[in-house]
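In mature numbering (1 follows the signal peptide of the UniProt record, and there is no 0), the protein residues as written are -20 to -1, 1 to 265.
Ideal placement from N, C-alpha and C gives every residue a C-beta, glycine not left out.
Quick caveat: nothing in here was measured; it's all calculated off a predicted structure.
Below is one structure, written out as structure tokens, with a few remarks after it.
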Amino acid sequence: MRTLAIIAAALLVGGCSAHAHSAPAAEPTTTADTPALAEPAVAPAGLDARVRQATADASAAGADITTAILDRSSGQFFSSGAGQSFPLASVVKVFIADDLLKESGGTLSAADRQSLDSMLRFSDDSAAQMFWDRNGQSAIISRIVARYGLTGTAAPWQPAKWDVTTSTAGDLVRYYDMLLNGAGGLPVAQANVIINNLAHFAPSGADGYPQRFGIPDGLYREPVAVKQGWFCCWNGANQVHVSTGVIGADRRYVMAISSLQPTDEATARNTITQAVKTMFPGGKA
């Protein structure tokens, strides 16, 4: 265990081994008029070991997974390969939506709002391409990186191809945490537009691809708000699957997990889902 002075500084952790960190608990302060502060919630026991186990199991199946989990209540951060870069696929649509809402001041036409909702809920590629082209392509990523302090996120080498924007699990967890607490500069009302859409994600995307892999089917007993990403192929025959978002009715956890696996789509989806199930037995955080 290592004590963190600032949680955000730990959100980018490299390497393939799992890590857990905890922020110092606040000392209770009492006065005649002030009750003692509540003790911070404790993260699930053994989560660090289960992250390691899930990573090892996935590796045995031929998959390279990266994971970052932040317990926003206790400040504990768990990771495996959190600084390792991978293509975001459709997860970049969260960045596109964030930038759109920020740059517009939250005022969207009815048509744009409908397209934004479709982009986030159904992972609509045509809506993403429209906003990407209209709002400056790679400039969108530059603005997000600047506002959220993302050190492992890079615009695509081909500006028109938003889906090969690269990032890390650590950056994505940092992004979601700052989206929720407002530190990234997006007002709460606009952040809730994103989160509420992610909470109502469709079982299948606009292209018919199943979206219930990774977090939603791994944490099947928790309310989740997720953005998923997928495509084939990357660095050869690797199926790319990325599952990210917010876990729990109280938004206690933010999580990002990616998987690269040279196999068929169904097997790849099962691998990333099983990894989450290993981390959170019984489907609950």
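Q | Complete runs of the beta strand (DSSP E) confined to the region 208 to 244 [at least 3 residues] | A | 218 to 227 and 233 to 241
Q: Ignore the nearest five residues each way along the sequence and tell me which others in residue 209's own chain have a CB closer than 6 angstroms to its CB.
A: 68, 69, 70, 71 and 222
Q) Identify the residues that DSSP records as bridge partners of residue 47: which are they? A) 60 and 237
Q: In the DSSP assignment, find the alpha helix (DSSP H) that holds residue 171 and state where it starts and stops.
A: 168 to 179
Q: Could you say if the region 140 to 157 and the region 183 to 199 meet the contact criterion of at least three C-beta pairs nearer than 8 angstroms?
A: no
(Q) Per the DSSP calculation, residue 352 is bridged to which residue(s)? (A) Residue coverage of the chain in this structure runs from -20 to 265, which leaves residue 352 outside it and unanswerable.
**Q.** Beta-ladder partner(s) of residue 260, from DSSP
**A.** Paired residues: none, contrary to the question.
Q | Nearest residue (CA-CA) to residue 43, options 214, 88, 230 and 225 | A | 214
Q: Write down the C-beta distance between residue 162 and residue 203 rounded to the nearest angstrom, noting that I regard them as a contact closer than 8 angstroms.
A: In fact, because the Cβ distance is near 21 angstroms, the residues do not count as touching under 8 angstroms.
Q) Taking buried to mean at least 16 other C-beta atoms within 10 Å of its own C-beta, is residue 137 buried or exposed? A) exposed
Q. Does the region 177 to 188 come close enough to the region 28 to 44 that 3 or more CB-CB pairs lie under 8 angstroms?
A. no
Q) Do you know whose CA, among 58, 76, 102 and 64, lies nearest residue 110's CA? A) 76
Q | Rounded separation between residue 232 and residue 50 - CA only | A | 8 angstroms
Q | residue 265: CB within 7 angstroms of a non-hydrogen atom of the ligand GDP | A | The ligand GDP is absent from the structure shown, which contains no ligand whatsoever.
Q: Below 7 angstroms CB to CB, which residues in the same chain sit around residue 253 once its five sequence neighbours on both sides are set aside?
A: 193, 194, 197 and 198
Q. Is the Cβ-Cβ distance between residue 178 and residue 141 less than 8 angstroms?
A. no
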